[in-house]
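Single-structure report; data block below.
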Amino acid sequence: MQTVKMVVTGPFSSGKTEFIGSVSEIDVVATERKITGTGEKEIKDATTVAMDFGRITVDEDLVLYLFGTPGQKRFDFMWEILSEGMLGFIVMIDSARPETFREARSILQTFRAYAPTPYVVAANKQDMEDAWEIEDMRNALRLDPKVKLLPCVATDLKSVKSVLLELLYSILAEMESGG
Amino acid sequence: MALNGNLRDFTVTQLLNLINLASKTGTLVIEGPNETAQVAFRDGKLAHAMIGRENSGLATILHSGKLLNVSQYRAIQQRAGHVNDKELGLLLINAGYLSQEDILQSLQKNFMGVIRQLFTWVEGFFRFENDKLPPEDQINVRLDLENLIIEGSRQLREWEQLQDEIPSLEMALKFTDRPGADLKNVNLSVEEWRVVSYITPKNKISQIAKATKMDDMEIRRIVYGLIQAGLVEITRPEGAAPALAPDMFPTQDTGEQKSLINRLINRISSI
Ligand SMILES: Nc1nc2c(ncn2[C@@H]2O[C@H](COP(=O)(O)OP(=O)(O)OP(=O)(O)O)[C@@H](O)[C@H]2O)c(=O)[nH]1
Ligand SMILES: [Mg+2]
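Chains A and B, in that order, give the protein sequences.
Take the position in the first sequence, starting the count at 1, then add 125; the result is the number in my numbering.
Take the position in the second sequence, starting the count at 1, then add 757; the result is the number in my numbering.
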């Protein structure tokens, strides 16, 4: 049995658990905790403390694991461990919370420095009324035009699938270019 | 939808950068604790800027730029109240009093002063109103934003924020190939030029710091300014690790690796 993994990262409450939950065939083994800090509690009630864990069985010989990183900064010691041996990573960003973009940039740069693997950026919660437009997000996040920035709604399976596929296409392209 | 938010999360410099990169046309409205600023842009270039409503008329600007003396200024205020800025400008030029160049320079200087003042604002809400331009009767300028952005970025002093923006010094830099990002038109400081001279994807930021004898803080600040101005971007150091890590696949055979990715693609497509 062969296994490969992808990592889903991004700021607090950007939709990582939701994303993995949408495609995983097992219930996401999210290690969720009730939130106690008041500032974060205003945003939502539960946060991921260790990591999310989802699974997609490809065939008898191959399984894909999806790991979600904890969003809160005090867990960032987990990131490097999680990123070891990953096929690629997805950075989830809440398009309607520009106050998280700075942190998103930081997470993105940190992951890029850990591993040379391909990645895509998902502009999540595009269904929300005050979501930023993709091009404004690209500039605010300072993404190179070559980096894939994909509109996403993590609650929608079709949208989640297309983000995963875009990442796989990027990996394939990297292999074909002899990377 | 809207480009809006809080100055605590976006500095004015970052907003200028966004407007510059997207060549936006419209008005950036910033509501500070005491005053409201309105800065207009056309195709990503500064057109007009004012804080509050007063002191933004042409006569006042020319007077504070010492192009009109007190009595001339008073005369205009008293007798030409009904004349709009464009008309006043034309009158002054036709009277051989000032050149068009004088007027435009004076306005530019004033608008840049407004932006510099905005750099000190840390509280407030901003929104960008697409396509909204200043009234027809005001005189606009056309000023590249790069220099202002570089200037504003130099003021970012907070260590923590710099650390966030550039978490790893083990990455390299390269020049952007964005049209219009031209180093020749940007007023760089001596330190910035020294850093620029070492930029190639072969050099890590840490190596540039060593070569230029800068500490982590200094190099981050300078690199941040160059990134903000859209001149450089962070890239993986060339010649370091290959673009794909060896441990990401359970097999080292490239044929098998490709088959594995294709199986993943088929599986996910079929969900
Ligand atoms: N409208 C909308 N809501 C979303 C979307 N994705 C996630 N949410 C909601 O946003 C909230 C946060 O989502 P989570 O999946 O818990 O976010 P997370 O990134 O795992 O959060 P942490 O683990 O705490 O960092 C939840 O209430 C989700 O239901 C989306 O695409 N659209
Ligand atoms: Mg979570």
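In this text, a Cβ means the ideal position worked out from N, Cα and C, and glycines have one as well.
task = Look up tyrosine 830 (chain B) in the DSSP assignment and say whether it is helix, strand or coil.
result = Counting from one through the second sequence, the residue named residue 830 (chain B) turns up at place 73. Reduced to three states, the DSSP call for tyrosine 830 (chain B) is helix.
request  = For leucine 819 (chain B), return the contacting residues in chain A, with the cut-off set at a CB-CB distance below 8 angstroms.
outcome  = Position 62 of the second sequence holds residue 819 (chain B). In chain order: nothing, as chain A lies at least about 36 angstroms away.
query = Using DSSP with H/G/I as helix, E/B as strand and the rest coil, what is phenylalanine 192 (chain A)?
reply = Your numbering for residue 192 (chain A) matches position 67 in the first sequence. Here phenylalanine 192 (chain A) sits in strand by DSSP.
request  = Decide if isoleucine 860 (chain B) is buried, meaning its Cβ has at least 16 other Cβ atoms within 10 Å, or exposed.
outcome  = The sequence position of residue 860 (chain B) within the second sequence is 103, counting from 1. So isoleucine 860 (chain B) ends up on the buried side.
task = Below 8 angstroms between beta carbons is the criterion; list the residues of the segment 245-277 of chain A that meet it against any residue of chain B, in chain order.
result = Under the 8 angstroms Cβ criterion, the segment 245-277 of chain A contributes Glu254, Asp255, Ala256, Trp257, Glu258, Glu260, Asp261, Asn264, Ala265, Arg267, Asp269.
ask   = Who pairs with methionine 807 (chain B) in a beta bridge, going by DSSP?
value = Numbered from 1 along the second sequence, position 50 holds the residue referred to as residue 807 (chain B). DSSP lists B:Gln795 as the beta-bridge partner residues of methionine 807 (chain B).
message = Between threonine 225 (chain A) and ligand 2, is there a pair consisting of the residue's CB and a ligand heavy atom that are separated by less than 6 angstroms?
response = Taking the first sequence and counting its residues from 1, the one referred to as residue 225 (chain A) is at position 100. Every heavy atom of ligand 2 is 6 angstroms or more from the Cβ of threonine 225 (chain A), so no.
request  = To the nearest angstrom, report how far apart phenylalanine 876 (chain B) and glycine 809 (chain B) are at their CA atoms.
outcome  = Here residue 876 (chain B) corresponds to residue number 119 of the second sequence, with the count starting at 1. Here residue 809 (chain B) corresponds to residue number 52 of the second sequence, with the count starting at 1. If you take the alpha carbons of phenylalanine 876 (chain B) and glycine 809 (chain B), they lie about 16 angstroms apart.
message = Any heavy atom of ligand 2 closer than 6 angstroms to the beta-carbon of lysine 250 (chain A)?
response = Translated into positions along the first sequence, residue 250 (chain A) becomes position 125. Every heavy atom of ligand 2 is 6 angstroms or more from the Cβ of lysine 250 (chain A), so no.
task = Out of A:Arg263, A:Gln127, A:Glu299, A:Asp177, state which residue places its alpha-carbon closest to the alpha-carbon of valine 148 (chain A).
result = Your numbering for residue 148 (chain A) matches position 23 in the first sequence. Selection A:Arg263, A:Gln127, A:Glu299, A:Asp177 evaluated against valine 148 (chain A) yields A:Asp177 as nearest (Cα-Cα).
query = According to DSSP, is glutamate 903 (chain B) helix, strand or coil?
reply = Taking the second sequence and counting its residues from 1, the one referred to as residue 903 (chain B) is at position 146. Three-state result, glutamate 903 (chain B): helix.
key: Residue-chain proximity (alanine 238 (chain A), chain B), Cβ-Cβ < 7 angstroms   = By one-based count along the first sequence, residue 238 (chain A) stands at place 113. At a cut-off of 7 angstroms between beta-carbon atoms, alanine 238 (chain A) makes contact with chain B.
Contact list for aspartate 921 (chain B) against chain A, beta-carbon separation under 8 angstroms = To locate residue 921 (chain B), count along the second sequence from 1; it is residue 164. Chain A residues near aspartate 921 (chain B): Arg227, Glu228, Arg230, Ser231.
ask   = Contact check, leucine 268 (chain A) vs leucine 275 (chain A) under 8 angstroms by CB: the rounded distance?
value = The residue given as residue 268 (chain A) occupies position 143 in the first sequence. The residue given as residue 275 (chain A) occupies position 150 in the first sequence. No, leucine 268 (chain A) and leucine 275 (chain A) are not in contact; Cβ-Cβ is about 11 angstroms, not under 8 angstroms.
ask   = Around the Cβ of glutamate 1013 (chain B), are there at least 16 other Cβ atoms within 10 angstroms (buried) or fewer (exposed)?
value = Here residue 1013 (chain B) refers to the residue found at position 256 of the second sequence. Within 10 angstroms of the beta-carbon of glutamate 1013 (chain B) lie fewer than 16 other beta-carbons, which makes it exposed.
message = Can you check which of these residues, B:Leu988, B:Leu824, B:Leu1017, is closest to aspartate 934 (chain B) by C-alpha distance?
response = For the purposes of this step, residue 934 (chain B) is taken as the residue at position 177 of the second sequence. Per the Cα distances, B:Leu988.
ask   = Over what stretch of residues does the beta strand (DSSP E) that includes threonine 1011 (chain B) continue unbroken?
value = Here the question's residue 1011 (chain B) lines up with position 254 in the second sequence. From DSSP, threonine 1011 (chain B) is part of no beta strand (DSSP E) but of the alpha helix (DSSP H) over 1011-1026.
inquiry  = Given a cut-off of 7 angstroms on the beta-carbon distance, is the pair methionine 100 (chain A) and lysine 781 (chain B) in contact?
reply    = The structure shown does not extend to residue 100 (chain A), since chain A is modelled only from 126 through 304, so no value can be given for it.
Members of the segment 968-986 of chain B near chain A, C-beta cut-off 9 angstroms = Against chain A - using a Cβ distance shorter than 9 angstroms - the residues of the segment 968-986 of chain B are Ile984, Gln985.
request  = Under 7 angstroms Cβ to Cβ from glycine 783 (chain B), same chain only, skipping five residues before and after it: list those, please.
outcome  = As a position in the second sequence, residue 783 (chain B) is number 26, starting the count at 1. Answer for glycine 783 (chain B): Phe798, Phe885, Glu886, Asn887, Asp888, Lys889, listed in chain order.
query = Is threonine 194 (chain A) near ligand 2, going by C-beta to nearest heavy atom under 6 angstroms?
reply = Within the first sequence, the letter at position 69 stands for residue 194 (chain A). No, ligand 2 has no heavy atom inside 6 angstroms of this Cβ.
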